[in-house]
Amino acid sequence: MKQKNPSQLPSFETKIRLMRLPYRLILPLGYMGGIHLLSSIPDDGAAETVGEQLLQWVTPALQNLLHIPLFGGLAIAWYWALGPNLISRHAKLVLVFLITGAYSFLDEWYQLHVPGRFGSLTDIALNLTGVGAALLYLTSTSAGKQRMALSAFHNTNKKS
89 MKQKNPSQLP SFETKIRLMR LPYRLILPLG YMGGIHLLSS IPDDGAAETV GEQLLQWVTP
149 ALQNLLHIPL FGGLAIAWYW ALGPNLISRH AKLVLVFLIT GAYSFLDEWY QLHVPGRFGS
209 LTDIALNLTG VGAALLYLTS TSAGKQRMAL SAFHNTNKKS
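Rendered as structure tokens:
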């Protein structure tokens, strides 16, 4: 059996990050469960539960607009859950978009089977708008932090 070169083995820090990954998945999976519960509320006109009463209280236009922050939050939760430095930043952004985009399609398909609810391409577009806005925010803030750190580093080196 061939032994691996120690430089090819994962570092201790990488092992710790991998061990923490299952715990970090609780947030986005719980968030997805919450979205599923919201999608499961029937809209048959008879408001029997608090969820059904809330659904009738919120106008359809507002319900549609709420897709944007709802799925933006899901994208941020997945971005956080995938943790720092496990995969490249670009790969993480693509993976977050694929996961949340796929869940968006599945959620709208599921709503086709809930009494009084319907799935729509408009809702999917709004979901993906929220995902895109969240990922844009994440990339702009992380890029901004990197630029500030580099400029601070360059400024301290100039003074020396």
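Sequential numbering from 89 applies to the sequence shown in our numbering. C-beta: ideal position from N, C-alpha, C; glycine also.
Asked	Found
Are the beta-carbon atoms belonging to Gly204 and His155 less than 9 Å from one another?	no
Indicate whether Leu181 and Thr210 have their beta-carbon atoms separated by less than 9 Å.	no
Using a beta-carbon distance below 9 Å, is Gln199 in contact with chain B?	In the displayed structure, chain B is absent; only one protein chain is listed.
Exposed or buried, what is Trp166 when buried is set at 16 or more other beta-carbons lying within 10 Å of its beta-carbon?	buried
Run through DSSP, which three-state label would Val184 get?	helix
Answer yes or no: do Leu142 and Asn215 have a C-beta to C-beta separation smaller than 9 Å?	no
What's the call for Leu162, buried or exposed, on a 16-neighbour Cβ count within 10 Å?	buried
Under the three-state reduction of DSSP, which class applies to Glu136: helix, strand or coil?	coil
Kindly indicate the opening and closing residues of the alpha helix (DSSP H) around His124.	Ile114 to Ser127
Restricting to Cα atoms, I'd like to know which of Ile114, Leu115, Tyr111 and Ser127 is closest to Tyr198.	Ser127
Would Tyr191 be called buried (16 or more neighbouring beta carbons within 10 Å of its own) or exposed?	buried
Quick check on the DSSP output: the alpha helix (DSSP H) that includes Phe159 runs from which residue to which?	His155 to Ala169
If you draw a straight line from the alpha carbon of Ile129 to that of Ala221, how long is it in whole angstroms?	27 Å
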